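So the sequence shown is numbered by my numbering: it starts at 1 and just counts up by one. We treat Cβ as the ideally placed atom computed from N, Cα and C, and that holds for glycine. Keep in mind the model is a prediction, meaning the values are calculated, not measured. Everything below concerns the one structure shown next.
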Amino acid sequence: MKKFAVFGNPVAHSLSPTIHQMFAEQCDVAISYDKLCPPLEDFAGSLEHFFEDPHAVGCNVTMPFKGEAAKLATRLDHAAQLAGAVNTLHRQNSSMRSEDSRSEVSLNGYNTDGVGLVADLKNQAVALADQRVLLIGAGGAARGVIHPLLNAGLKTLIITNRTMAKAENIASQAGDSRVVALDKPGLAECRPDIIVNTTSASLGGELPDLNNISFTQCQLAYDMVYQAEPTVFMKQALELGAQNAADGLGMLVEQAAAAFTIWTSMQPQTRPVIEALRQQLR
Ligand code: ATR
Numbered sequence: 001m002k003k004f005a006v007f008g009n010p011v012a013h014s015l016s017p018t019i020h021q022m023f024a025e026q027c028d029v030a031i032s033y034d035k036l037c038p039p040l041e042d043f044a045g046s047l048e049h050f051f052e053d054p055h056a057v058g059c060n061v062t063m064p065f066k067g068e069a070a071k072l073a074t075r076l077d078h079a080a081q082l083a084g085a086v087n088t089l090h091r092q093n094s095s096m097r098s099e100d101s102r103s104e105v106s107l108n109g110y111n112t113d114g115v116g117l118v119a120d121l122k123n124q125a126v127a128l129a130d131q132r133v134l135l136i137g138a139g140g141a142a143r144g145v146i147h148p149l150l151n152a153g154l155k156t157l158i159i160t161n162r163t164m165a166k167a168e169n170i171a172s173q174a175g176d177s178r179v180v181a182l183d184k185p186g187l188a189e190c191r192p193d194i195i196v197n198t199t200s201a202s203l204g205g206e207l208p209d210l211n212n213i214s215f216t217q218c219q220l221a222y223d224m225v226y227q228a229e230p231t232v233f234m235k236q237a238l239e240l241g242a243q244n245a246a247d248g249l250g251m252l253v254e255q256a257a258a259a260f261t262i263w264t265s266m267q268p269q270t271r272p273v274i275e276a277l278r279q280q281l282r
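The structure is reproduced here in structure tokens:
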């Protein structure tokens, strides 16, 4: 049986095992998928131990190990390189080291968060081509989605953040003239079509500063996190004039589907999984 896992600390909350078992059932393959919680200082050791099993095909990586996973991967895809973060590892090949007979594993590292977001925006019937998209927040979650969004043909990608230097840093590293960092005065002038909250503030019931953001042209306000109820950001965005609001449950399932395809070459259907998880959350 092919073996998978998600590494995180904490990891108990992770829905990844449920999602991947649903995909496996759809695709008629038997898999095992565990939650693994390595000590903060020993992700590398736990990963090595996991891949000592020849049935271990791949794993997901969540907080706080995504950056370290990028360093441990043998090769990185474009999105992972640009994000400096990996959420999916795939065993490429292994050979036996003759001197100590331990297997040497070659791991390809991917970041599927951005393609997950783009796929879920499409699920919400939002076209991305020629649109102005505003990202609020400039951490790893924002970094991970920039290039898949640009590849979808955006007109402008605006980044704003509580600490503006971080937004400016991301914009200058993006290497694309469509990416700009804007602080309050500039924000007041631009009317984004799509606004994405990449911060996890909603999980603590907090809002980023929305004072200078215009929601009047906003077709969709998207919160990357999800909860049983609409998040505080979704509610506030609707009050401020956004036409629609969505949480990040669909992105979670779509990024998982992209990982499943990397591992198995099969493309699971995401909609029934999103619907089943939504029911479970309620
Ligand atoms: P991740 O890697 O999950 O994106 P992170 O690197 O800690 O997490 O980044 C979180 C981002 O959300 C940061 O841009 C942070 O703002 P700062 O750069 O000023 O720290 C932003 N953020 C988190 N909580 C926030 C809050 N309550 N209000 C506004 N911004 C917040």
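**OP:** Taking only the alpha-carbon atoms, compute the straight-line gap between residue 104 and residue 281 and give it to the nearest angstrom.
**Re:** If you take the alpha carbons of residue 104 and residue 281, they lie about 41 Å apart.
Original post:
From what residue to what residue does the alpha helix (DSSP H) around residue 264 run?
Top reply: Residues 249-264.
Practice problem: Please report how far the alpha carbon of residue 196 lies from the alpha carbon of residue 126, in whole angstroms. | Solution: About 13 Å.
Notebook entry, point to check: Which of the three DSSP states, helix, strand or coil, is assigned to residue 90?
Noted result: DSSP, reduced to helix, strand and coil, places residue 90 within a strand of the structure shown.
- Message: Nearer than 7 Å: is that true of the beta carbon of residue 32 relative to any heavy atom of the ligand ATR?
- Response: Checking the 7 Å criterion, the Cβ of residue 32 is out of range of every heavy atom belonging to the ligand ATR.
Margin query: the ligand ATR and residue 200: does the residue's C-beta get closer than 7 Å to at least one heavy atom of that ligand?
Written below: With a cutoff of 7 Å, residue 200 counts as near the ligand ATR, since its C-beta is closer than that to a heavy atom of the ligand.
Can you round the beta-carbon distance between residue 147 and residue 114 to whole angstroms, since I take them to be within the 8 Å contact cut?
Contact between residue 147 and residue 114 holds, with the beta-carbon distance rounding to 6 Å and staying under 8 Å.
Just to confirm before moving on: does the CB-CB distance between residue 247 and residue 269 stay below 8 Å?
Contact flag unset, no.
**Q.** Inter-residue CB distance, residue 208 and residue 216 (contact presumed, cutoff 8 Å)
**A.** Contact flag wrong, Cβ pair sits at about 18 Å.
Straight-line CA distance for residue 107 to residue 166?
Distance between the alpha carbons of residue 107 and residue 166: 30 Å.
Can you give me the start and stop residues for the beta strand (DSSP E) that residue 32 sits inside?
Start and end: 31-36.
Next on the checklist: Could you give the first and the last residue of the continuous alpha helix (DSSP H) run that contains residue 133?
Outcome noted: Bounds of any alpha helix (DSSP H) do not take in residue 133; it lies within the beta strand (DSSP E) bounded by 132-136.
Alpha-carbon to alpha-carbon, residue 255 and residue 51: Their Cα atoms are separated by approximately 22 Å.
- Where does residue 19 fall in DSSP's three states? Reduced to three states, the DSSP call for residue 19 is helix.
(request) Could you check the C-alpha separation between residue 272 and residue 239 for me, to the nearest Å? (result) Between residue 272 and residue 239, the C-alpha separation is close to 30 Å.
For this session: Taking residue 131 as the reference, give the member of 225, 83, 184 and 194 with the closest Cα.
Result: Each of 225, 83, 184 and 194 was checked against the Cα of residue 131, and the nearest Cα belongs to 194.
| Should residue 163 be labelled buried (16 or more other beta-carbon atoms within 10 Å of its own) or exposed? | Result: exposed.
Exposed or buried, which one is residue 87 when buried takes at least 16 other CB atoms within 10 Å? Counting of Cβ neighbours within 10 angstroms places residue 87 among the buried residues, the total reaching 16 or more.
| query | When the distance is taken between beta carbons, is residue 202 closer than 8 Å to residue 233? | reply | Taking 8 Å as the Cβ cut-off, residue 233 and residue 202 qualify as a contacting pair.
Take the Cβ of residue 129 as the centre, count every other Cβ of all protein chains shown within 10 Å, and call the residue buried at 16 or more, exposed below.
Exposed, since its Cβ has fewer than 16 Cβ neighbours within 10 Å.
_Give me the residue from 230, 279, 118 and 155 with the minimum Cα distance to residue 257._
Selected option, being the one with the closest Cα: 118.
- Task: Can you tell me which of 2, 7 and 18 puts its alpha carbon nearest to the alpha carbon of residue 276?
- Result: Taking the Cα of residue 276 as reference, the smallest distance to any Cα among 2, 7 and 18 is reached at 18.
Please state the DSSP three-state secondary structure of residue 146. DSSP places residue 146 in helix when its eight states are reduced to three.
Notebook entry, point to check: Unbroken beta strand (DSSP E) runs of length 3 or more, entirely within the region 152-203: which are they?
Noted result: Fully contained in the region 152-203 are the following beta strand (DSSP E) runs of length 3 or more, in chain order: 156-160, 179-181 and 194-197.
Checklist entry - Any heavy atom of the ligand ATR closer than 7 Å to the CB of residue 161? => result For residue 161, the Cβ falls inside the 7 Å cut-off from some heavy atom of the ligand ATR.
For this session: Might you give, ordered along the chain, the residues of its own chain that have their beta carbon closer than 7 Å to the beta carbon of residue 20, omitting 5 neighbours on each side?
Result: If you ignore the 5 residues before and after residue 20, its C-beta comes within less than 7 Å of the C-beta of 4, 31, 33, 256 and 260, all in its own chain and listed in chain order.
Exercise. Which one of 93, 185, 75 and 70 has the shortest CA to CA distance from residue 85?
Worked result: It is 70.
Backbone secondary structure at residue 65 - three-state DSSP:
Coil at residue 65, not helix or strand.
| task | Inspect the beta-carbon positions of residue 218 and residue 242 and report whether they are closer than 8 Å. | result | The Cβ atoms of residue 218 and residue 242 sit closer than 8 Å to each other.
Considering only heavy atoms of the ligand ATR, does any lie closer than 7 Å to the CB of residue 84? Using a cutoff of 7 Å, the CB of residue 84 does not count as near the ligand ATR, since none of the ligand's heavy atoms is closer than that.
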